[in-house]
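Novice:
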Amino acid sequence: MPIHDWSRVPSGLYHDFHQTWTVRIASILNKGLLPRPLSALLERSRPEHSKVSGAPPQQIYAGRANRVAIKHHLGKTIAIIEIISPGNKDTRASVQDFLNKTIDFLRAGIHVLLIDLRPRPRDPLGIHQLIGDEIGSDTFAFPPGKDRILASYEASEEKVAYVQPLAVGEALPEMPLFLSAGQHVKVPLESTYQVAWRDFPEDMRIAVETGVMPDPDADIE
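Here it is as structure tokens:
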């Protein structure tokens, strides 16, 4: 199934899909893809105490978003899968906050897989270029017609990035999720995206596909 243009609908719809998709990713990882004693658990991307009362909706969504944490014996975090929320890039401060958090993971030896399917004006070169500037990766430029990105980072002594640019309408490839230096599993992004999409209410699917929101005042059939 080709990826959709999530920039055509309000942030709340993508937040809802984001939450469902993280559950599907964690579930399939726990069904034999991860070696024991590793487990994929859901955790809040931002602690409760960091949320600000009265924040704009995008930032509230970022505060409520889940990520997938790969835990060793349900304790130590060794890897993170993060589907980037619109709120992560809503302001310069939120971009910097997300960047700092990701760099902290990598410097702590925690491997990271980022999924960014909703570009924002504040990162025209993509979030990967901002991260690459911090970890010393090569300069990155999107190929013509592509503005979405998947990026997997191996947090070994030498930080290595594996990057896949995408365009709306393309299928999602499997991406490596590193568990230790030189060891990874392939995360089936396409199949989990499809399952999450099938679970989406019909009105929401129509809105994403057409870019037209339903009339909230229409009579219930």
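At position 130 of the sequence shown (counting the first as 1) the number is 136 in this note's numbering, and the numbers step up by one without a gap. Backbone N, C-alpha and C define an ideal beta-carbon position, used for all residues, glycine too. On a predicted model such as this, the values are computed, not experimentally measured, just so you know.
1) Is the beta carbon of S158 sitting closer than 8 angstroms to the one on L119?
2) Residues in its own chain within less than 8 angstroms of A85 by CB, not counting five upstream and five downstream?
3) Taking E164 as the reference, which of F146, E140, F148, L105 has the closest Cα?
4) Quick one: any contact between the region 34-52 and the region 213-222, if contact means 3 or more CB pairs under 8 angstroms?
5) Check whether the Cβ atoms of M181 and L172 sit closer than 8 angstroms, and answer yes or no.
6) Buried or exposed: L136, going by 16 or more other Cβ atoms within 10 Å of its Cβ?
7) Excluding sequence positions up to five away, which residues of its chain have a Cβ less than 7 angstroms from the Cβ of L19?
8) Are the Cβ atoms of S17 and P125 separated by less than 8 angstroms?
9) Taking N72 as the reference, give the member of I89, D103, T83 with the closest Cα.
10) Taking just the CA atoms, how far does P8 sit from E176?
11) From the DSSP output, in three-state form, read off P16 for me.
12) Can you tell me where the beta strand (DSSP E) holding M181 begins and where it ends?
13) What does the Cβ neighbour count give for A240, buried or exposed, with the cut at 16 atoms within 10 Å?
14) Please tell me whether A167 and R30 are closer than 8 angstroms, where the distance is taken between their beta carbons.
Specialist: In this structure, then:
1) yes
2) Within the same chain, A85 has close Cβ partners A75, I76, I116, H117, V118, L119, L183, F184, L185.
3) E140
4) no
5) no
6) buried
7) Result list for L19: M210, A213, V214, in chain order.
8) no
9) I89
10) 5 angstroms
11) coil
12) 181-186
13) A query on residue 240 cannot be resolved here, the shown segment of the chain reaching from 7 to 227 and no further.
14) At a Cβ-Cβ threshold of 8 angstroms, A167 and R30 do not count as neighbours.
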